[in-house]
Structures are given as C-alpha cells and as structure tokens.
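Trainee: Mind having a look at this structure? Questions to follow.
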Amino acid sequence: MAFPISRQKALREWKLYFLIVPSLLLVVTFSYFPAASAIYHSFFDWAGGETKQLIGLDNFKRAFGDQVLWGSFKTVSILIVFNLFKMIPSIIMAVLIHRVKSDRWQYLYRVMLVVPMIVPSLVTLFIWKFFFDPNMGVLNNILDFTGIKTLLVSLDQVFGWGLFFENAPIGWLSQPDLILPSLFIWGFPWIGAVGVLIYLAGLQSIGQEIYEAAELDGVGPFKKFIYIELPLILTQVRLSLVLLVIGTLQGYGLQLLLLGESGGAGGRGMVPGLWMYNKAFVAGEFGYACAVGMILFVFILLLTFLNNKYVRVDK
Amino acid sequence: MSTAPKDFVGSHKQKDWPKHLIICAFIIIELFPLYMMFQVSFKDNASFLRNPWAPTPPFSVVETRQAADGTETVKTRVADWSEAFSSAKPSDPSVKTAEKSFDLSVYKVKNWNFGLKLIGPYIANTVFVAVTGTFFTLTLAIFGAYFFARYKMPFSNVLWSAFLVLMLMPGVANIVPLFSLLKELSLLNTLWALVIVGVAGGQVFNIFVLRNFIEDLPKDLFEAAEMDGASHIDQIRNVVIPMSGSIIGTLSILCFLGQWNDFLLSLIILRDKELFTLGVGLIYLDGEYVKQWGQMMAAYFIASIPLIVIFLFCMRLFVRGLSAGAVKG
Chain A
1 MAFPISRQKA LREWKLYFLI VPSLLLVVTF SYFPAASAIY HSFFDWAGGE TKQLIGLDNF
61 KRAFGDQVLW GSFKTVSILI VFNLFKMIPS IIMAVLIHRV KSDRWQYLYR VMLVVPMIVP
121 SLVTLFIWKF FFDPNMGVLN NILDFTGIKT LLVSLDQVFG WGLFFENAPI GWLSQPDLIL
181 PSLFIWGFPW IGAVGVLIYL AGLQSIGQEI YEAAELDGVG PFKKFIYIEL PLILTQVRLS
241 LVLLVIGTLQ GYGLQLLLLG ESGGAGGRGM VPGLWMYNKA FVAGEFGYAC AVGMILFVFI
301 LLLTFLNNKY VRVDK
Chain B
1 MSTAPKDFVG SHKQKDWPKH LIICAFIIIE LFPLYMMFQV SFKDNASFLR NPWAPTPPFS
61 VVETRQAADG TETVKTRVAD WSEAFSSAKP SDPSVKTAEK SFDLSVYKVK NWNFGLKLIG
121 PYIANTVFVA VTGTFFTLTL AIFGAYFFAR YKMPFSNVLW SAFLVLMLMP GVANIVPLFS
181 LLKELSLLNT LWALVIVGVA GGQVFNIFVL RNFIEDLPKD LFEAAEMDGA SHIDQIRNVV
241 IPMSGSIIGT LSILCFLGQW NDFLLSLIIL RDKELFTLGV GLIYLDGEYV KQWGQMMAAY
301 FIASIPLIVI FLFCMRLFVR GLSAGAVKG
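The listed protein sequences derive, respectively, from chains A and B.
Residue 296 in UniProt numbering sits at position 296 of the first sequence; the count goes up by one each step and never skips.
Residue 6 in UniProt numbering sits at position 6 of the second sequence; the count goes up by one each step and never skips.
This is the structure:
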C-alpha cells in the first residue's frame, strides 16, 4: 500500500497533485460529463442541436412500449448464450497446450495463437463477411464441396424451414432466419488468443504435487480436467465470462458492419446498442437515444452488481 | 513458464501426438482466413472464381476460339493446377487450341499497388492516432498511478473511488453526449478528438494496473532517490519507468491495439476522406459497389502490416506479457 504520510508532509508535497490533474481533467470532461449529460438529456426531446424540450419521462414510456427495443434485448440474450458456448474451444485449447510436454512446442503454439491478432479486428470482420457472401463466399463453397448443402436441403424439405434450396446459394446474411445462425457461426473455431493466454496463465500456476497425486490415484485425462484443471482456472473463466457478458450487452460494432444500421433483414440482428446508434445518428432522435442508453446502462449495472455479489472474482 | 519437470501434467501412459493433432487442427482453421487473405490478394475475380482455394500456378493459357464465320478470338486465362504439370486442356469444346506458357504476371501485384494507394493515407492517420494516443495515455497514466501509489495524500481515497466508479460505467451510453460535447469543442472531424477521447478512456484501466505495480516496487529505491534530491518527475523517470518496463510495454501494446481497432468513434466523428482512419476507410471501401476481391484482400493485408512489424519486434511481450499482465490486472 501507499505510504500514509503526515499532514505537514502532505502540504509540503502539494506539487504531487499536479500529477493527477491531467488524468482527472480528461476523465471528468470525457467520461463523467457525457455520462451526466446522458442522464440529463434522457428527459428531453432533443435532436442534438440547441433546441430541446423537457418532456419528463415520455422517452422512457416510449421505450417501454418499443417493440424493437425489447426484441433487441431478446436477440442480445441469445447472443450471450451463443458466446457462452464459444468459450469452450478456448478452454479446451488452453488445457491441451498446457498438457503438451515440450516447452518449445508450448511456446510455438502460443505464438501461433497470437498470430491472428495481427489482423485488425475490422479486417477479420470483413473477411468473415466475405466468407458469408452467397456466391463467391467460402462458407457456401465448403458446404457445396463437402455435400453438407445437400443434407441441409433435404433436412429443409423434412422440416419445412424454407431456408435452403437445391439451386440457390444460401443467403447467410440476407435471410432473416439465417441471421442468428450466421452470428453463431461467426468467428469459428471461436478461439480467442487473449482468452487462451489468460487460461494458460491460470493453468500454469497449478502445482506439480496435485498432478502427481492425481497420477498416483490413477485419474484419467478427462477426470483430470474436471477435477483439477477446470476448478483451478475457474477464476479466469469467471473473469472472462463477466467481460464477455458485459461486452456482448453493450457491443454493436459487429452487427453494424455485418448487417447494417437496421440490424439486417427483418431486423433480426438488432441489439440495444445498435438501436441506440440508429436512433441517434440515423433518425436524429438524440434524446430518445439517451433514454435507450440509460436503460441499457441499468441492465449492465444490474449484471455488474449480481456479478460482484455472486460471481466474485478472487484476486 | 514453469521450469519444473512436467512429466505429470500429461500422464505417463498418455501419448503426446493426439494433443498436437487437435491443437494443429484448431490452429490451421484459425489461420485459414489469413491464408485466404494472402492468396486471394494476388488474383482477379476471374481467376478467383476458377480456383478459389489454392494460389494460382505460375502459368497462363492462351486459348484460340474459332467462330462459325471463321473469325478467331484469342483469350488469355490463368492455368489450373491440373494443367500446371501437363499440357493445357481447352476450357470448353469450342476452343480450338490452348497453349500454356510460364508467366509470373498471373500474380496481380497491381492489387497491392492499388491497395497501398487506397489504404496508405488511412494507415498514416491511424498510426498517428494510435501512437500519440498510446504515448499520452501511458504518460498520464504513469503520473496518475505514481500519485496514487507513492503516498497516501489527503483526498486520494476519494479520487481513487471516483476513478473506480468509472470502471463500472459502460461507454455505450455516453456516445451520444460525447458526440455533442465534441461538437461544442469544435473537435468534430479532427484526429485529435480520437486521440483525446482515447487517452481519457484509457486512464482508468492503466492507472489501475500501474498503481498495483508501482506499489510493489521496493520503497528503498524511492527513498534513496529522494535522499539524492530527486524530484517526483526524476523519480518517475529514473525509478518507476526502468523498473516497470515490461508492464508498461504490455499496457502499451494493449492500448495501441485498442486504438488501432477502434472504429465506432471515428465512424461517427470523421467526415473528410483525408482524415479517415483505417476503420472508416475500410468500411467505405466495403461499401463500394463493384467488388474486386483481390484488391480488397490486398488492402486488408496492407492494413495488417504495421501490426505485423510491431509483432516481429515485441513477440515476447505479446506472448508472455499478455498473459501475465491480464492476470495481474
């Protein structure tokens, strides 16, 4: 901890405050002030200009009746569930790399994991968009090539989805009912480099004795994972779980770029953040957008609170 | 990485190769987009359609087609891999002759020139934003962290909780008022707006991590420096920075990556084409009507080059620092 010091010494060291002033000034101006302003403006009919009209809780009343907004909350909850599944490959990957015996290979694999990070995230996104392209896209090509397409078409005929047809390419991002599946497939094989490295760091702190004891008891590799590795990286898993849930809840860049401002065909990819963006910068209803932001903020706060209470991350 | 013998991590009886196999499979799929980006960047749409998966063989085929009225048309196309080691086969029955010749010009280096011309200015803007942003973020964060870590000054607890509350606050709700604030400060459509907002946004996390780190530094060092009459700035320069090089490096990389990848703010505030950062530039490029995938992929690849350079220089920081830093923070 920092030294506690006497009042006289503190007075003598008054210059120290200059060190915190720039950070403080920036944070107040560009984080606190906008936040306060967002709360304030959520009670106004405001188009972003000088003129604004106090309308009390009307924005919130409107938001509670807003079908698109509630639909977007439903979509985002589905996305969160998807993302929970998408955590599994990273965990498996970390455990596998950890169990590799040679240090040199371990290092090599870590490097290989980090390599995709050099591609700007936006570029990754566009490459995926290219993969989803109905005619030239890689995904449809793979499905055609492996014959999975035929399987999908016959399944479609059995279940009557009306999504896959013999002679037409699959419109991943243009068919309303395929948008959520596309968002699920997105990012396959779902290995996040930072996530794997965090889990690896957790795994590496497991003592040898535990493994030795397990070995003497004749514990198999799968049981080792369930009883030793998983419980001991639970801190890291919970940490990334929390980050992931909050990130998914407030993120909208992916949907904006992949599907456009209106959330794609039928608005199936609409998430709350995107709706807020849409209201502010497309429809020009800044006041209402602030109210939507506030509702989103309350949800995130609630989740953060629940997290602090029940899923405490041990430091 | 632990130096202890790892014989027990994987069981004695268990073979290592299945693990390698699974890991390699994962990594190959993971690297597949990179591979596609690279090899498509040398193709035009025609040769991409002909052969989307593998790089083009370095041969071109000249096909002569004779119509019913006796006129001849000559067409050049790239060779298939099946033709690379044997003689060329006509692409359809109406083609009379097909001749194969060794030809390096099937690789469209032009795509790269095009991409560079298109993306180059955006890269320059992004480098400016990311470098200045990272520099100021870290400088101010070191000052701030030093303030919190060195002494328990009056009010420092209050300030600290004020900082921590900010960590709970989601950025998403702020973007609308932030936009009008920047408008009032007449910072809209400037690169400095991106830098300033980035620096402000980076303060909390970086101060949080650095404070813990500076508090763990041996107190004697600071005392010795103070005896020698070093000012606080001297102490930061001669004690803090040399002692916490690795964590500062890791934070810089994270900060740089964050700034490099950020596009939502720039999408909202940048209007002039000359000021576009990579993000906005790529988004507008994606919106173009006619798509030459080769040119696009070349542009994407060029957009990754600065990060490739950084990666080559600080691979260790990337690979080891990221995990250590992430857990500490």
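Cβ atoms here follow ideal geometry from the backbone N, Cα and C, with glycine treated the same way.
Does the beta-carbon of A/GLU229 have 16 or more other beta-carbons within 10 angstroms, so that it is buried, or is it exposed?
Mentor: Buried, because 16 or more other Cβ atoms sit within 10 Å of the Cβ of A/GLU229.
Trainee: Go to B/LYS100, then tell me how far its beta strand (DSSP E) extends in each direction, as first and last residue.
Mentor: Segment 95 to 102, the beta strand (DSSP E) holding B/LYS100.
Trainee: Just checking B/ALA79 against the ligand GTP - is the residue's beta carbon closer than 7 Å to any of the ligand's heavy atoms?
Mentor: With respect to the ligand GTP, the structure shown offers nothing to examine, as it has no ligands at all.
Trainee: Could you tell me the alpha carbon to alpha carbon distance between A/ILE142 and B/ALA149, rounded to whole angstroms?
Mentor: Cα to Cα, the separation comes out at about 56 Å.
Trainee: Just reading off the beta strand (DSSP E) that B/ARG65 is part of, what are its end residues?
Mentor: Element bounds for B/ARG65: 59 to 66.
Trainee: Helix, strand or coil: which one does DSSP assign to B/GLU72?
Mentor: B/GLU72: strand per DSSP, three-state reduction.
Trainee: Would you mind working out which of A/VAL115, A/VAL111, A/ALA201, A/LEU257 sits nearest A/LEU173, comparing C-alpha positions?
Mentor: The candidate whose alpha carbon is nearest that of A/LEU173 is A/LEU257.
Trainee: By the DSSP assignment, the beta strand (DSSP E) with A/ASP45 in it spans what residues?
Mentor: Looking at the DSSP string, the run of the beta strand (DSSP E) that includes A/ASP45 is 44 to 46.
Trainee: Evaluate A/GLU285 with the Cβ neighbour count: other Cβ atoms within 10 Å of its Cβ, from every protein chain shown; 16 or more gives buried, anything less gives exposed.
Mentor: Classification of A/GLU285: buried, given that the 10 Å Cβ count is 16 or more.
Trainee: In chain order, which continuous runs of the alpha helix (DSSP H) of length 4 or greater are located wholly inside the stretch 89 to 174 of chain A?
Mentor: With a minimum length of 4 residues, the continuous alpha helix (DSSP H) runs that stay inside the stretch 89 to 174 of chain A are 103 to 114, 121 to 132, 138 to 146, 148 to 159.
Trainee: Cα-Cα, which of B/ALA230, B/ASP103, B/PHE26 is closest to A/TRP190?
Mentor: Residue B/PHE26 is the option with its Cα nearest to A/TRP190.
Trainee: Put B/ARG271 into one of helix, strand or coil per three-state DSSP.
Mentor: B/ARG271: coil per DSSP, three-state reduction.
Trainee: Select from the stretch 261 to 281 of chain A all residues with a C-beta closer than 8 Å to any C-beta belonging to chain B, and list them in chain order.
Mentor: Within the stretch 261 to 281 of chain A, the residues whose Cβ lies closer than 8 Å to some Cβ of chain B are GLY273, MET276, TYR277, ALA280, PHE281, listed in chain order.
Trainee: Name the residue from A/VAL237, A/GLY195, A/ILE295 whose alpha carbon lies nearest to the alpha carbon of A/PHE60.
Mentor: Out of A/VAL237, A/GLY195, A/ILE295, A/ILE295 has the C-alpha closest to the C-alpha of A/PHE60.
Trainee: Is DSSP giving B/LEU307 helix, strand or coil here?
Mentor: It is helical.
Trainee: Determine, for A/ARG104, whether the minimum Cβ-Cβ distance to residues of chain B falls below 8 Å.
Mentor: Taking Cβ atoms only, chain B never reaches closer than 8 Å to A/ARG104, which makes this a no.
Trainee: Run through the DSSP bridge pairs and tell me what A/LEU54 is partnered with.
Mentor: Note: A/LEU54 sits in a beta bridge opposite A/PHE44.
Trainee: Just tell me which of B/LEU210, B/PHE313, B/ILE305 has its CA closest to the CA of A/ILE118.
Mentor: Out of B/LEU210, B/PHE313, B/ILE305, B/ILE305 has the C-alpha closest to the C-alpha of A/ILE118.
Trainee: Listing by chain order, which chain A residues have their CB less than 8 Å from the CB of B/ILE283?
Mentor: In chain order: LEU122, LEU257.
Trainee: Would you list the one or two residues that DSSP bridges to B/VAL78?
Mentor: Answer is B/SER60.
Trainee: Can a CB atom of chain B be found closer than 8 Å to the CB of A/TYR227?
Mentor: Not an interface residue.
Trainee: Below 8 Å between beta carbons: does that hold for A/ALA35 and B/VAL176?
Mentor: No.
Trainee: Measure the beta-carbon distance from A/VAL292 to A/LEU69 and round it to whole angstroms, keeping in mind my assumption that it falls under 8 Å.
Mentor: Their Cβ separation, rounded to whole angstroms, is 6 Å, which keeps A/VAL292 and A/LEU69 in contact under 8 Å.
Trainee: Compute the Euclidean distance between the alpha carbons of B/THR157 and B/VAL129, then round it to the nearest angstrom.
Mentor: Looking at the sequence itself, residue 157 of chain B is Asn, so the reference to Thr does not match. Approximately 33 Å between the Cα atoms of the pair.
Trainee: Please confirm if B/VAL195 has its CB atom under 8 Å from at least one CB of chain A.
Mentor: Chain A, which has no Cβ nearer than 8 Å to the Cβ of B/VAL195, makes this no.
Trainee: Distance, Cα to Cα, A/VAL111 vs B/ALA79?
Mentor: Rounded to whole angstroms, A/VAL111 to B/ALA79 spans 36 Å at the Cα level.
Trainee: What does a CB cutoff of less than 6 Å around B/VAL61 pick up in its chain, not counting 5 residues either side in sequence?
Mentor: These residues qualify, in order along the chain: ARG77, ALA79, ALA88, ALA98, LYS100.
Trainee: Determine the contact status of A/GLY253 and B/PHE263, defining contact as a CB-CB distance below 8 Å.
Mentor: Yes.
Trainee: Using a C-beta to C-beta distance shorter than 7 Å, which residues of chain A count as neighbours of B/GLU30?
Mentor: Neighbours of B/GLU30 on chain A, chain order: PRO116, PRO189, ILE191.
Trainee: Chain A beta carbons: is any one of them nearer than 8 Å to that of B/GLY144?
Mentor: Yes - at least one Cβ of chain A is within 8 Å of the one on B/GLY144.
Trainee: Mapping DSSP to helix, strand and coil, what is B/PHE276?
Mentor: In this structure, B/PHE276 counts as coil in the three-state DSSP scheme.
Trainee: Using a Cβ-Cβ cutoff of less than 6 Å, which residues in the same chain neighbour B/LEU178 once the five nearest sequence positions on both sides are dropped?
Mentor: Here the set comprises nothing.
Trainee: Please list the partners that B/ILE207 has in chain A, where partner means a Cβ-to-Cβ separation under 7 Å.
Mentor: Chain A residues near B/ILE207: SER23.
Trainee: Please determine, among B/ILE123, B/MET227, B/TYR146, B/VAL131, the residue with the shortest C-alpha to C-alpha distance to B/CYS255.
Mentor: When each option's Cα is compared against that of B/CYS255, the closest is B/VAL131.
Trainee: Which residues of chain A have a Cβ atom closer than 8 Å to the Cβ of B/ILE23, listed in chain order?
Mentor: Within chain A, the residues near B/ILE23 are MET93, LEU96, ILE97, VAL100, TYR109.
Trainee: Rounding to the nearest angstrom, what Cα-Cα distance links A/ILE55 and A/ALA289 in this structure?
Mentor: So the two alpha carbons sit approximately 14 Å from each other.
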